[in-house]
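Letter by letter, the sequence shown follows residues 42 to 146 in my numbering. A short write-up of the structure that comes next.
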Amino acid sequence: MNALLAGFTHSKGIAKESQRPFDILSAIVLNPAGNVAKENFSKQGFGYEAMEIPVTESAKSAFMSLTYPCRVKLVIDHEMFAGKLKAVISGVQQPTPLVEQQAKG
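See below:
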């Protein structure tokens, strides 16, 4: 799946209410904003909308090495989560940065 990536996040901690630990890796993917027209709902979309897609732990280093924003081909797998089969990103291919980054320091 070809995608426009805006970024990557890795969040972990202890949930306030349940006191259970969490460890979440997510890619921030930009999708063209669309229009919706239904009986009880309508939306006009212009530009892009951000969407978070889960990332596997094994793909973390690939996401950390990218220059954002960029175009990539996402490698999609499926994992069981809360009793349901969910799509997860297990890798990236053919990264192309969209903005030249200045050297740090």
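We treat Cβ as the ideally placed atom computed from N, Cα and C, and that holds for glycine. Please read these numbers as outputs of a predicted model, since none were measured by experiment.
Proximity winner among the options, relative to residue i (alpha-carbon distances)
i    : options                  : result
G88  : T137, Q134, L45 and V133 : L45
S99  : Q135, G54 and S131       : S131
G122 : K79, S102, P95 and N81   : In the sequence on display, residue 122 carries Phe and not Gly. When each option's Cα is compared against that of F122, the closest is P95.
A103 : A91, V116 and E93        : V116
Any C-beta of chain C under 7 Å from that of residue i
i   : result
P73 : Note that chain C does not occur in the displayed structure, where there is just one protein chain.
Endpoints, the beta strand (DSSP E) within which residue i is located
i    : result
S106 : Run containing S106: none; DSSP gives neither H nor E here.
Same chain only: Cβ atoms within 6 Å of residue i, ignoring 5 sequence neighbours per side
i   : result
T97 : V129 and S131
F49 : A68 and F104
Whole-angstrom distance between residue j and residue i, CA atom to CA atom
i    : j    : result
Q85  : V113 : 27 Å
K53  : D118 : 22 Å
N43  : E141 : 20 Å
E58  : I65  : 17 Å
S106 : V70  : 16 Å
Contact set for residue i: own chain, Cβ-Cβ below 7 Å, skip 5 residues either direction
i    : result
T137 : C111 and R112
Contact belief for residue i with residue j at Cβ below 8 Å, rounded distance in angstroms
i    : j    : result
E204 : A78  : What the structure shows of the chain is the stretch from 42 to 146, and residue 204 is not part of that stretch, so it cannot be assessed.
H51  : K127 : At roughly 18 Å, the Cβ-Cβ gap does not stay under 8 Å, so H51 and K127 are not in contact.
Other residues of its chain near residue i: CB distance less than 8 Å, five sequence neighbours each side excluded
i    : result
T108 : P136, P138, V140 and Q142
R61  : I55
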